[in-house]
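J.:
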Amino acid sequence: MSISICFYFQVHQPFRLRKDYNFFNIGNDDRYEDEETNRFIINKVSNRCYLPTNEIMLKLIKKYNGKFKISYSISGVALEQFEMYCPQVIDSFKALFNTGHVEIINETYYHSLSFLKSKIEFKEQVEAHKKK
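Residues 0 to 131 (numbering that gives the first Met the number 0) make up the sequence shown, in order.
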């Protein structure tokens, strides 16, 4: 008897907000994201988690030749940060996808629960994610 395994992983990294940004900054200062923290965290988790894990998964896929499959859901904002701060993570996901044993699952762009509030917003986010 042959057993096949399929893992499903969700990859999401939110943009962090500046701690010193408050209500009174609205309309006067549009720099509300903490770019330094975003860069630091995305590089930290990429080097400690995404890159080594993707390398292990790639080896397992090759070792088990099709009996080991993975599905990933990667939020649009995670992809944006990988593009800006650590593009080698995207390359590692592409290498996995190119094996033919990995699929990318569509989701909301912001990894949100928008369907609870608006079906229109939900559809728009899923379409934006698909395009990304």
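Think of the CB as a built atom: it goes at the ideal place given N, C-alpha and C, for glycine as much as any other residue.
Since the model is a prediction, treat every value here as computed from it, not as a measurement.
Quick one: what's Ser-70 bridged to in DSSP?
T.: For this step, residue 70 is matched to residue 71 along the sequence shown. Tyr-7, Glu-102.
J.: Please go through the same chain and pick out, in chain order, the residues whose beta-carbon is closer than 6 Å to the beta-carbon of Tyr-49, but skip the five residues on each side of it.
T.: Residue numbering aside, residue 49 sits at position 50 when the sequence shown is read from its first letter. Once the five neighbours on either side are set aside, the close Cβ partners of Tyr-49 are Val-88.
J.: Just to confirm, are Ile-60 and Lys-68 a CB contact at a threshold of 9 Å?
T.: Position 61 of the sequence shown holds residue 60. Position 69 of the sequence shown holds residue 68. Yes.
J.: Taking just the CA atoms, how far does Lys-116 sit from Thr-36?
T.: Within the sequence shown, residue 36 is the residue found at index 37, counting from 1. Within the sequence shown, residue 116 is the residue found at index 117, counting from 1. Spanning the two alpha carbons is a distance of roughly 30 Å.
J.: Spell out the partners DSSP gives Glu-32 in its beta bridges.
T.: If you number the sequence shown from 1, residue 32 lands on position 33. Its beta-bridge partners are Leu-16.
J.: Just mark Leu-112 as buried or exposed, buried being the case when its beta carbon has 16 or more other beta carbons within 10 Å.
T.: Working through the sequence shown from its first residue, we reach residue 112 at position 113. Classification for Leu-112: exposed.
J.: Could you check whether the Cβ of Met-83 sits closer than 8 Å to any heavy atom belonging to the ligand MN?
T.: Ligands are entirely absent from the displayed structure, and the ligand MN is therefore not among its contents.
J.: Ordered along the chain, which non-local residues of its own chain (more than five positions away) have a Cβ less than 7 Å from that of Cys-85?
T.: Within the sequence shown, the letter at position 86 stands for residue 85. The residues are Ile-41, Asn-42, Ser-45.
J.: Contact between the region 120 to 129 and the region 97 to 109 is defined here as three or more beta-carbon pairs at a separation below 8 Å; is this criterion met?
T.: At 8 Å Cβ cutoff, the stretches touch.
J.: Check whether the Cβ atoms of Lys-131 and Gly-75 sit closer than 9 Å, and answer yes or no.
T.: Residue 131 sits at position 132 when you count from the first residue of the sequence shown. Residue 75 sits at position 76 when you count from the first residue of the sequence shown. Going by C-beta atoms, Lys-131 is nearer than 9 Å to Gly-75.
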